[in-house]
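A.B. asks:
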Ligand code: TRP
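Residue numbers (the working numbering): 1271 to 1735.
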């Protein structure tokens, strides 16, 4: 939650269901939906990944989101204190969860830097550069082959400064308001681009087939770990965020309905973003490049063929930039408040410390595409240090935090504490029974299984397929 909000009105500030769902969705919808989901879907063979993702979102994602929001509302505390409050011995679970955003923000800002660059270039009429060489520009840009390593580093810093500026001057509330207009606009634009592609791009239906028609032979241990990592990342789970959001929630708001709505918005945007990017990437021959650059190399090709594309492209990237900024600002807010909570330092000092760490880790990610390149198989995702940070947080730390959260709720504090919280003030809880089964048995057990085999698969030690 934003500082402005907590200072002005204290806890339990969401005006109602809609306010809560809007605020949580604004933080949930970001590069996870627009950049990471399409990338992973194409990497894991298209339709089969989408199916696995939807199934896991409905079961694991939904249950965990309910559990985290309820945990937050029950304790009225943010992540670290929420665990500590219910049982002092287990405060450390909250500490691990809180460390996740610290490792995510740096590379999030690197990608935010790419978006900023794509916006700036398309705005000054350089769309043809972005689309040059059949989409090779993105790779040349991040590896320094185009203009050296200074460029990606500078754009990373520009994006980070935008975030820091927002946090320092505390315009979070303004940003939230603005996002209520710009987010729906982004959605309309995505739909418009999809319609254009379906009508104007030759052979697009083969790509749609790849995206929506599952090919079971593509299934592997990695598919499951990839999908679950994406659910955590995209729905902002297993990192204390939803706990903090829940702590601001009034007792009369139905947690189950809210979780469902946030999940539907988040998954809906991801699937649409996939429909916008994957078929066209596939049709234009990027489909098998399996890279993180789909959003950056495939779309400029589309804009180039589009009448008025020079105008559409900068508007599109500006809206994406905005979606990335809202998410990055709330991530940074979290990091800043974690330092304040943990060591009782002043907020300003915490901002400085956070920024220094983010710059350091972000530069490692940037240089990881250039002179500091490192390749440790699927774990680095062909993206050097950025890939390693991404895998470490989403595929290792977050599953661990999720397992610990379930075990904590089910066996340390008793699940009735959470289910009673959800049914507070006579609220309905339609899926109570499946929820309890998920949290007590399915989540901890299957998540452990997924984590272990997914990692073995990623390091090439053992292949499930
Ligand atoms: N869910 C966001 C996205 O899809 C990214 C994100 C992860 C995030 N953790 C967060 C955003 C915490 C805000 C707060 O891009």
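Note that beta-carbon positions come from the ideal geometry of N, C-alpha and C, so glycine has one too.
Please read all numbers here as calculations on a predicted model, not as lab measurements.
If contacts are defined as beta-carbon pairs under 8 Å, then residue 1514 and residue 1333 qualify, I think. What distance do you get, rounded to the angstrom?
C.D. replies: So it is not a contact: roughly 19 Å between Cβ atoms.
A.B. asks: For residue 1644, count the other beta carbons within 10 Å of its own beta carbon; 16 or more makes it buried, fewer makes it exposed. Which is it?
C.D. replies: Looking at its Cβ environment, which holds fewer than 16 other Cβ atoms inside 10 Å, residue 1644 is exposed.
A.B. asks: Between which two residues does the alpha helix (DSSP H) holding residue 1349 run?
C.D. replies: Its alpha helix (DSSP H) spans residues 1349-1356.
A.B. asks: From 1344, 1620, 1599 and 1460, pick the residue whose C-alpha is nearest to that of residue 1525; which is it?
C.D. replies: Here the closest residue by C-alpha is 1344.
A.B. asks: In terms of alpha-carbon separation, which member of 1364, 1293 and 1411 lies closest to residue 1679?
C.D. replies: Taking only the C-alpha atoms, the option nearest residue 1679 is 1364.
A.B. asks: Drop a sphere of 10 angstroms on the beta-carbon of residue 1425, count the other beta-carbons inside from all chains shown, and report buried for 16 or more, exposed for fewer.
C.D. replies: Residue 1425 should be labelled buried.
A.B. asks: Return the CA-CA distance between residue 1316 and residue 1468, expressed in angstroms with no decimal places.
C.D. replies: The alpha-carbon atoms of residue 1316 and residue 1468 are separated by roughly 18 Å.
A.B. asks: Distance, Cα to Cα, residue 1653 vs residue 1639?
C.D. replies: Whole-angstrom Cα-Cα distance: 7 Å.
A.B. asks: Answer with buried or exposed for residue 1732, where buried requires no fewer than 16 other C-beta atoms within 10 angstroms of its C-beta.
C.D. replies: Result: exposed.
A.B. asks: Is the beta carbon of residue 1500 sitting closer than 8 Å to the one on residue 1306?
C.D. replies: Contact: yes.
A.B. asks: Assess contact between the region 1408-1418 and the region 1617-1632, defined as three or more Cβ pairs (one per stretch) separated by less than 8 Å. Is contact present?
C.D. replies: Taking 8 Å as the limit for Cβ pairs, the verdict is that the region 1617-1632 does not touch the region 1408-1418.
A.B. asks: Could you spell out the range, first to last residue, of the alpha helix (DSSP H) harbouring residue 1409?
C.D. replies: Segment 1407-1413, the alpha helix (DSSP H) holding residue 1409.
A.B. asks: Just to confirm my understanding: we take residue 1276, look at its own chain, exclude 5 residues before and 5 after, and list those with CB closer than 6 Å. What are they?
C.D. replies: At residue 1276, the pLDDT of 43 sits below 50, so the modelled position is not reliable; the number obtained from the coordinates is stated separately. Around residue 1276: no qualifying Cβ.
A.B. asks: DSSP three-state label for residue 1472, please.
C.D. replies: Three-state DSSP puts residue 1472 in coil, outside helix and strand.
A.B. asks: Using the C-alpha atoms, what's the distance from residue 1538 back to residue 1243?
C.D. replies: This structure cannot settle anything about residue 1243, because the visible part of the chain is limited to 1271 through 1735.
A.B. asks: Let me know if residue 1613 comes out buried or exposed under the rule of 16 or more other beta-carbons within 10 Å of its beta-carbon.
C.D. replies: Residue 1613 comes out exposed.
A.B. asks: Where does the unbroken alpha helix (DSSP H) through residue 1340 begin, and where does it stop?
C.D. replies: Counting along the chain, the alpha helix (DSSP H) containing residue 1340 begins and ends at 1332-1345.
A.B. asks: Who are the Cβ neighbours of residue 1574 in its own chain at under 6 Å, not counting the five residues just before and after it?
C.D. replies: Hits under 6 Å: 1401.
A.B. asks: Would you report the Cα separation of residue 1290 and residue 1604, rounded to the nearest angstrom?
C.D. replies: In a straight line, the C-alpha of residue 1290 is about 18 Å away from that of residue 1604.
A.B. asks: With three or more C-beta pairs closer than 8 Å as the rule, is the region 1586-1600 touching the region 1383-1395?
C.D. replies: Contact between the region 1383-1395 and the region 1586-1600 is present, because at least three Cβ pairs lie under 8 Å.
A.B. asks: Among 1710, 1379, 1674 and 1354, which residue has its Cα nearest to the Cα of residue 1689?
C.D. replies: Looking at the Cα atoms, 1710 is the closest of the given residues.
A.B. asks: Taking all protein chains shown into account, do 16 or more other C-beta atoms lie within 10 angstroms of the C-beta of residue 1357, making it buried, or fewer, making it exposed?
C.D. replies: With fewer than 16 Cβ atoms within 10 Å of its Cβ, residue 1357 is classed as exposed.
A.B. asks: Go to residue 1366, then tell me how far its alpha helix (DSSP H) extends in each direction, as first and last residue.
C.D. replies: Looking at the DSSP string, the run of the alpha helix (DSSP H) that includes residue 1366 is 1361-1393.
A.B. asks: Give the C-beta separation of residue 1529 and residue 1335 to the nearest angstrom, bearing in mind that I take them to be a contact with Cβ-Cβ under 8 Å.
C.D. replies: Their Cβ separation, rounded to whole angstroms, is 4 Å, which keeps residue 1529 and residue 1335 in contact under 8 Å.
A.B. asks: Can you look up residue 1693 in the DSSP assignment and give me helix, strand or coil?
C.D. replies: Three-state result, residue 1693: coil.
A.B. asks: Classify residue 1470 as buried or exposed, calling it buried when 16 or more other Cβ atoms lie within 10 Å of its own Cβ.
C.D. replies: Answer is exposed; the Cβ neighbour count stays below 16.
A.B. asks: Please report the residue range of the alpha helix (DSSP H) in which residue 1635 lies.
C.D. replies: Where residue 1635 is concerned, the enclosing alpha helix (DSSP H) stretches over 1617-1637.
A.B. asks: Could you tell me whether any non-hydrogen atom of the ligand TRP is closer than 7 Å to the CB of residue 1459?
C.D. replies: No, since every heavy atom of the ligand TRP falls outside the 7 Å radius drawn around the Cβ of residue 1459.
A.B. asks: The ligand TRP and residue 1683: does the residue's C-beta get closer than 7 Å to at least one heavy atom of that ligand?
C.D. replies: No, since every heavy atom of the ligand TRP falls outside the 7 Å radius drawn around the Cβ of residue 1683.
A.B. asks: For the alpha helix (DSSP H) containing residue 1724, list its first residue and its last residue.
C.D. replies: First-last of the alpha helix (DSSP H) with residue 1724: 1713-1728.
A.B. asks: Hey, how far is the Cα of residue 1337 from the Cα of residue 1716?
C.D. replies: When rounded, the distance between both Cα atoms is 17 Å.
A.B. asks: Look at the alpha carbon of residue 1533 and the alpha carbon of residue 1327, and state the distance between them as a whole number of angstroms.
C.D. replies: Near 8 Å, if we compare the C-alpha coordinates of residue 1327 and residue 1533.
A.B. asks: If you drop the 5 nearest sequence neighbours on each side, which residues of the same chain put their C-beta closer than 7 Å to that of residue 1724?
C.D. replies: 1491, 1492, 1494, 1495 and 1665.
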